[in-house]
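*Asks:* Numbering-wise, the sequence shown is residues 1 to 268 according to the UniProt record's numbering.
One structure coming up, written as structure tokens, with questions to follow.
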Amino acid sequence: MKKEKRIFGKVLMVLSLLFFYVPILYMIVFSFNSGRSLTNFEGFSLRWYEHMLQNRDMMESLYTTITIALLATVVSTLLGTISAIGLSKSRKFLQKIILQLNDFPIMNPEIVTAIGFMLLFITFHVEKGYMTMLLAHIAFCTPYVILSVMPKIRSLDPNLADAAMDLGATPWQALIKVLVPQIMPGIVSGALIAFTMSFDDFIISYFVTGGGVKNLSIMVYTMSKRINPSINAISTLVVVLITVVLVIINVVPMIKERREKKHEKIIG
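Here you go:
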């Protein structure tokens, strides 16, 4: 019985992986199709990549997506980390209330958040465009960073920073050299979530942008109304970029850990 359950579990896992990755592989393969067909592979060609690079709207949307995702990630990570550290020093009652408020935009449907941002910008007569999209992305990414960093802070000794200052460290040194390295895994996780949420966002971006400013999600949405194989090319490029980022993030800590172990062996 147990053996049957294990086999069923493995089969289910394989089917789940196929369900997620086969469409991506299909898209990558057909991004090199020489013809316009999305079902019949007519031959290998870089035609649609060339078309993508020559398409000004696509390149502008890619630039907008990457720059907004990077800026939103940096700012929201800083704000979220500082907020989490500040919350850890607050009273438990106040901390509980603020964390519940922080969870609200995460649990809230994106369409409601998008309409809220749109009404806010309209009320204050803010011209919609690049800056409104950036501000909205920072706002909805920050709660995810707080949610990611808080558990790491809670796992630390609350007297860690005080002990560092007792040994002669300034408050700034205690923060940067003692506290931040301890919560770095939470910060990195929060930054990754923020980058992914910003890079992939469509609903909020669609409601807060204007003036011809589009990110990739909006661009793909407008292109999906008509058959255009360039969608495959630009989507493949996005997959490659995200894969490279994930590889770097996972490989760098491994290399660092190996170097530290070698250093310890040499010292030992």
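Using N, Cα and C, we set each Cβ at its ideal position, and we do this for glycine too.
For clarity, every value in this text was computed on a predicted model and none was experimentally measured.
For the alpha helix (DSSP H) that contains residue 269, what are its first and last residues?
*Replies:* With the chain running from 1 to 268 in the structure shown, residue 269 is simply not present.
*Asks:* The alpha helix (DSSP H) spanning L156 covers which residue range?
*Replies:* Neither: L156 is in no alpha helix (DSSP H) and is coded neither H nor E.
*Asks:* Report, in whole angstroms, the separation of the C-beta atoms of S224 and N215, which I expect to be a contact under 8 Å.
*Replies:* No, S224 and N215 are not in contact; Cβ-Cβ is about 15 Å, not under 8 Å.
*Asks:* I'd like the span of the alpha helix (DSSP H) that includes residue 273, first residue to last.
*Replies:* Given a span of 1 to 268 for the chain in the structure shown, any question on residue 273 remains unanswerable.
*Asks:* From N40 to S16, what does the alpha carbon distance come to, in whole angstroms?
*Replies:* Looking at the two C-alpha atoms, the distance is approximately 25 Å.
*Asks:* What does the alpha-carbon distance come out to for the pair G9 and F20?
*Replies:* When rounded, the distance between both Cα atoms is 17 Å.
*Asks:* For A194 and A72, which I take to be in contact (beta-carbon distance under 8 Å), what is that distance rounded to the nearest angstrom?
*Replies:* Rounded, the Cβ-Cβ distance is 7 Å, consistent with contact.
*Asks:* Here's the rule I'm using: 16 or more other beta-carbon atoms within 10 Å means buried, otherwise exposed. How should D103 be labelled?
*Replies:* Exposed, by the Cβ-count rule.
*Asks:* Is there contact here, the stretch 129-148 with the stretch 63-79, by at least three beta-carbon pairs under 8 Å?
*Replies:* Judged by Cβ distances under 8 Å, the stretch 129-148 makes contact with the stretch 63-79, as three or more pairs qualify.
*Asks:* Cβ atoms of L156 and Q182: under 7 Å apart, would you say?
*Replies:* Contact flag set, yes.
*Asks:* Using only CA atoms, which one of L46, K128, V14 lies nearest to V29?
*Replies:* When only C-alpha atoms are compared, the closest one is L46.
*Asks:* For I115, which residues of its own chain have a beta-carbon under 7 Å away from its beta-carbon, when the five flanking residues on both sides are left out?
*Replies:* Within the same chain, I115 has close Cβ partners F207.
*Asks:* Excluding the 5 residues preceding and the 5 following M27 in the sequence, name in chain order all residues of the same chain whose CB lies nearer than 7 Å to its CB.
*Replies:* The answer, listed in chain order, is N232, S235, T236.
*Asks:* Excluding the 5 residues preceding and the 5 following L179 in the sequence, name in chain order all residues of the same chain whose CB lies nearer than 6 Å to its CB.
*Replies:* Closer than 6 Å at Cβ, skipping near neighbours: A161.
*Asks:* Using 10 angstroms around the beta-carbon of A163, count the other beta-carbons present and answer buried if the total reaches 16, otherwise exposed.
*Replies:* Flag for A163 reads exposed.
*Asks:* Using the Cα positions of M184 and L192, report the straight-line distance between them to the nearest angstrom.
*Replies:* Going by the C-alpha atoms only, they are around 12 Å apart.
*Asks:* So, is G186 buried or exposed, given that buried needs 16 or more other C-beta atoms within 10 angstroms?
*Replies:* It counts as buried.
*Asks:* Just tell me which of R154, K92, T132, V149 has its CA closest to the CA of I82.
*Replies:* Nearest of R154, K92, T132, V149 to I82, Cα basis: V149.
*Asks:* Report yes if the CB atom of I203 is closer than 7 Å to the CB atom of E110, and no otherwise.
*Replies:* A contact, by the Cβ cut-off of 7 Å.
*Asks:* Whole angstroms is fine: what's the gap from M58's alpha carbon to S189's?
*Replies:* Rounded to the nearest angstrom, the two C-alpha atoms are 29 Å apart.
*Asks:* What number of angstroms, rounded off, separates the C-alpha of T113 from the C-alpha of L175?
*Replies:* One C-alpha to the other measures close to 34 Å.
*Asks:* Taking the C-alpha atoms as reference points, what is the distance between N250 and K262?
*Replies:* For N250 and K262, the distance between alpha carbons rounds to 19 Å.
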